[in-house]
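Add 563 to a position in the sequence shown, counting from 1, and you land on the number used in our numbering. Just below is one structure, and these are the notes that go with it.
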Amino acid sequence: MSTPLLLMLITIFILSAIVVYQTIYNRNKIKIMTGMMLAMSIGMSVGLFAGVISGILFENNFFIATIVGMVIGMSTGFIAGIPISIIAVLDGFLAGLMGGMMGAMLGAMIAIEYQEPIVKLMFYLFLSTLLMILYVIKKETNKEVPSFYTNPFILIILYSLLFILFHQADPMFNQFDSCNHNH
(Lines of atoms letter the chains of each structure in order from A and count residues from 1; the text may use other names and numbers.)
(Lines give C-alpha, C1' and ligand atoms only; values in the text may rest on other atoms or scores of the structure.)
Protein backbone atom coordinates (compact mmCIF):
# COMPACT_ATOMS: atom_id res chain seq x y z
CA MET A 1 0.00 0.00 0.00
CA SER A 2 1.40 3.38 -0.99
CA THR A 3 2.12 6.21 1.45
CA PRO A 4 -0.54 8.64 0.12
CA LEU A 5 -3.24 5.97 0.33
CA LEU A 6 -2.14 4.97 3.82
CA LEU A 7 -2.22 8.62 4.93
CA MET A 8 -5.74 8.99 3.51
CA LEU A 9 -6.94 5.89 5.36
CA ILE A 10 -5.36 7.02 8.64
CA THR A 11 -6.85 10.50 8.20
CA ILE A 12 -10.31 9.08 7.57
CA PHE A 13 -10.04 6.81 10.61
CA ILE A 14 -8.89 9.62 12.91
CA LEU A 15 -11.45 12.15 11.65
CA SER A 16 -14.27 9.60 11.89
CA ALA A 17 -13.19 8.85 15.46
CA ILE A 18 -13.31 12.58 16.23
CA VAL A 19 -16.89 12.79 14.91
CA VAL A 20 -17.93 9.76 16.97
CA TYR A 21 -16.23 11.22 20.06
CA GLN A 22 -17.96 14.59 19.54
CA THR A 23 -21.27 12.80 19.14
CA ILE A 24 -20.75 10.80 22.34
CA TYR A 25 -19.56 13.84 24.27
CA ASN A 26 -22.52 15.98 23.15
CA ARG A 27 -25.20 13.25 22.97
CA ASN A 28 -27.54 15.02 25.40
CA LYS A 29 -27.49 18.25 23.37
CA ILE A 30 -27.92 16.73 19.90
CA LYS A 31 -31.51 16.30 18.69
CA ILE A 32 -32.52 12.91 17.35
CA MET A 33 -33.01 14.19 13.79
CA THR A 34 -29.58 15.82 13.82
CA GLY A 35 -28.06 12.64 15.23
CA MET A 36 -29.69 10.63 12.48
CA MET A 37 -28.15 12.94 9.88
CA LEU A 38 -24.74 12.69 11.57
CA ALA A 39 -24.82 8.89 11.61
CA MET A 40 -26.11 8.71 8.05
CA SER A 41 -23.58 11.22 6.72
CA ILE A 42 -20.54 9.65 8.33
CA GLY A 43 -21.68 6.09 7.50
CA MET A 44 -22.34 6.96 3.87
CA SER A 45 -19.14 8.95 3.30
CA VAL A 46 -16.87 6.38 4.99
CA GLY A 47 -18.70 3.57 3.19
CA LEU A 48 -18.27 5.25 -0.19
CA PHE A 49 -14.56 5.84 0.36
CA ALA A 50 -13.93 2.34 1.73
CA GLY A 51 -15.97 0.81 -1.08
CA VAL A 52 -14.04 2.66 -3.79
CA ILE A 53 -10.71 1.63 -2.26
CA SER A 54 -11.77 -2.00 -1.83
CA GLY A 55 -13.24 -2.07 -5.34
CA ILE A 56 -9.89 -0.96 -6.73
CA LEU A 57 -7.73 -3.17 -4.50
CA PHE A 58 -9.88 -6.29 -4.96
CA GLU A 59 -10.63 -5.68 -8.63
CA ASN A 60 -10.69 -9.41 -9.38
CA ASN A 61 -13.08 -10.27 -6.55
CA PHE A 62 -16.11 -8.01 -6.55
CA PHE A 63 -17.78 -10.01 -3.76
CA ILE A 64 -14.93 -9.35 -1.29
CA ALA A 65 -14.75 -5.69 -2.34
CA THR A 66 -18.47 -5.25 -1.72
CA ILE A 67 -18.38 -6.99 1.66
CA VAL A 68 -15.36 -4.96 2.84
CA GLY A 69 -16.94 -1.65 1.78
CA MET A 70 -20.29 -2.56 3.34
CA VAL A 71 -18.82 -3.75 6.65
CA ILE A 72 -16.68 -0.64 7.08
CA GLY A 73 -19.56 1.70 6.19
CA MET A 74 -22.11 -0.15 8.33
CA SER A 75 -19.75 -0.28 11.32
CA THR A 76 -19.03 3.43 11.13
CA GLY A 77 -22.69 4.39 10.78
CA PHE A 78 -23.67 2.00 13.57
CA ILE A 79 -21.05 3.34 15.99
CA ALA A 80 -21.92 6.96 15.14
CA GLY A 81 -25.61 6.33 15.81
CA ILE A 82 -25.25 4.50 19.15
CA PRO A 83 -24.97 7.65 21.33
CA ILE A 84 -28.15 9.14 19.82
CA SER A 85 -30.90 6.53 19.41
CA ILE A 86 -31.83 3.23 17.84
CA ILE A 87 -33.26 5.09 14.85
CA ALA A 88 -29.92 6.85 14.32
CA VAL A 89 -28.19 3.46 14.56
CA LEU A 90 -30.49 2.05 11.89
CA ASP A 91 -30.07 5.13 9.70
CA GLY A 92 -26.27 5.09 9.95
CA PHE A 93 -26.12 1.31 9.50
CA LEU A 94 -28.19 1.31 6.32
CA ALA A 95 -26.50 4.41 4.86
CA GLY A 96 -23.10 2.78 5.45
CA LEU A 97 -24.33 -0.42 3.79
CA MET A 98 -25.53 1.49 0.75
CA GLY A 99 -22.39 3.65 0.57
CA GLY A 100 -20.12 0.61 0.79
CA MET A 101 -22.00 -1.18 -1.99
CA MET A 102 -22.08 1.80 -4.30
CA GLY A 103 -18.44 2.65 -3.63
CA ALA A 104 -17.36 -0.92 -4.40
CA MET A 105 -19.29 -0.82 -7.69
CA LEU A 106 -17.63 2.45 -8.64
CA GLY A 107 -14.15 1.26 -7.65
CA ALA A 108 -14.49 -2.02 -9.53
CA MET A 109 -15.85 -0.46 -12.72
CA ILE A 110 -13.70 2.65 -13.07
CA ALA A 111 -10.94 2.63 -15.68
CA ILE A 112 -7.38 2.32 -14.39
CA GLU A 113 -6.39 5.84 -15.48
CA TYR A 114 -9.22 7.33 -13.39
CA GLN A 115 -8.64 5.35 -10.19
CA GLU A 116 -6.43 7.93 -8.49
CA PRO A 117 -8.59 10.92 -9.43
CA ILE A 118 -11.73 9.22 -8.09
CA VAL A 119 -10.00 8.32 -4.81
CA LYS A 120 -8.82 11.91 -4.42
CA LEU A 121 -12.31 13.19 -5.24
CA MET A 122 -13.87 10.82 -2.68
CA PHE A 123 -11.33 12.01 -0.10
CA TYR A 124 -12.23 15.65 -0.75
CA LEU A 125 -15.93 14.80 -0.52
CA PHE A 126 -15.27 13.02 2.77
CA LEU A 127 -13.39 16.03 4.14
CA SER A 128 -16.17 18.38 3.06
CA THR A 129 -18.82 16.18 4.64
CA LEU A 130 -16.79 15.87 7.81
CA LEU A 131 -16.32 19.62 8.12
CA MET A 132 -20.05 20.11 7.70
CA ILE A 133 -20.76 17.43 10.33
CA LEU A 134 -18.42 19.09 12.81
CA TYR A 135 -20.00 22.45 12.03
CA VAL A 136 -23.47 21.02 12.71
CA ILE A 137 -22.31 19.54 16.01
CA LYS A 138 -20.85 22.90 17.08
CA LYS A 139 -24.02 24.77 16.08
CA GLU A 140 -26.30 22.19 17.68
CA THR A 141 -24.46 22.35 20.99
CA ASN A 142 -24.43 26.18 20.96
CA LYS A 143 -20.67 26.27 21.03
CA GLU A 144 -18.72 28.99 19.31
CA VAL A 145 -17.90 28.01 15.76
CA PRO A 146 -14.23 28.63 14.98
CA SER A 147 -13.48 30.98 12.10
CA PHE A 148 -11.93 27.99 10.34
CA TYR A 149 -15.43 26.83 9.37
CA THR A 150 -16.81 30.18 8.32
CA ASN A 151 -13.82 31.62 6.46
CA PRO A 152 -13.81 30.27 2.90
CA PHE A 153 -10.24 31.41 2.26
CA ILE A 154 -8.90 29.07 4.95
CA LEU A 155 -10.78 26.16 3.40
CA ILE A 156 -9.59 27.07 -0.09
CA ILE A 157 -5.99 27.18 1.14
CA LEU A 158 -6.42 23.83 2.93
CA TYR A 159 -7.87 22.12 -0.13
CA SER A 160 -5.24 23.70 -2.40
CA LEU A 161 -2.43 22.45 -0.18
CA LEU A 162 -3.93 18.97 -0.12
CA PHE A 163 -4.32 19.05 -3.91
CA ILE A 164 -0.66 20.03 -4.35
CA LEU A 165 0.47 17.45 -1.80
CA PHE A 166 -1.43 14.63 -3.51
CA HIS A 167 -0.28 15.76 -6.94
CA GLN A 168 3.37 15.61 -5.84
CA ALA A 169 3.05 12.29 -4.00
CA ASP A 170 3.79 8.83 -5.32
CA PRO A 171 1.09 6.94 -7.21
CA MET A 172 -1.52 5.37 -4.93
CA PHE A 173 -1.92 2.14 -6.85
CA ASN A 174 0.76 0.10 -8.55
CA GLN A 175 -0.80 -0.86 -11.83
CA PHE A 176 1.11 -2.74 -14.49
CA ASP A 177 0.60 -2.28 -18.19
CA SER A 178 0.08 -5.38 -20.23
CA CYS A 179 3.31 -4.61 -22.07
CA ASN A 180 5.31 -5.00 -18.80
CA HIS A 181 4.22 -8.65 -18.55
CA ASN A 182 6.04 -9.67 -21.75
CA HIS A 183 9.25 -10.64 -19.92
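All C-beta atoms in this analysis are idealised placements derived from N, C-alpha and C, irrespective of residue type, glycine included. Please read all numbers here as calculations on a predicted model, not as lab measurements.
Check                                                                                                      : Outcome
Assumed close pair Ile-673, Ile-681 - CB separation to whole angstroms, cut-off 8 Å                        : 6 Å
Backbone secondary structure at Met-672 - three-state DSSP                                                 : helix
Beta-carbon separation (whole angstroms), Leu-757 vs Ile-696, contact threshold 8 Å                        : Absent from the model: residue 757. The displayed extent of the chain is 564 to 746, so no value can be given.
Cβ pair Asp-733, Thr-566 closer than 8 Å                                                                   : yes
Candidates Gly-670, Gly-659, Leu-578, of which the one nearest Ser-691 by Cα                               : Leu-578
Cβ-based neighbour list, Gly-598, same chain, cut-off 8 Å, excluding 5 preceding and 5 following           : Thr-586, Arg-590, Gly-644, Pro-646, Ile-647, Ser-648, Ala-651
Backbone CA spacing between Leu-660 and Met-685 [nearest angstrom]                                         : 17 Å
Buried versus exposed call for Gln-731 [16 or more other C-beta atoms within 10 Å across all chains shown] : exposed
Of the listed residues Leu-694, Tyr-687, Thr-704, Ala-667, nearest to Glu-622 (C-alpha basis)              : Ala-667
Sequence-distant residues of its chain with Cβ nearer than 6 Å to Leu-693 (five each side left out)        : Leu-578
As assigned by DSSP and simplified to three states, the class of Ala-651                                   : helix
Nearest-angstrom Cβ-Cβ length linking Ile-616 and Gly-670, presumed shorter than 8 Å                       : 7 Å
Supposed contact pair Val-609 and Ile-642 - C-beta distance, whole angstroms, cut 8 Å                      : Actually they do not touch by this definition, with Cβ atoms about 10 Å apart.
Alpha-carbon spacing of Phe-716 relative to Glu-707, whole angstroms                                       : 19 Å
Environment of Ile-720 [buried if 16+ CB atoms lie within 10 Å]                                            : exposed
Collapsed DSSP secondary structure at Lys-594 in the structure displayed                                   : coil
Beta-carbon proximity list for Thr-568, same chain, < 7 Å, skipping 5 on both sides                        : According to the sequence shown, residue 568 is Leu rather than Thr. Once the five neighbours on either side are set aside, the close Cβ partners of Leu-568 are Met-735.
Element boundaries [alpha helix (DSSP H), containing Ala-732]                                              : Careful: Ala-732 lies outside any alpha helix (DSSP H) and carries neither H nor E.
Member of Leu-611, Lys-594, Met-603, Ala-580 whose CA lies at the smallest distance from the CA of Leu-688 : Leu-611
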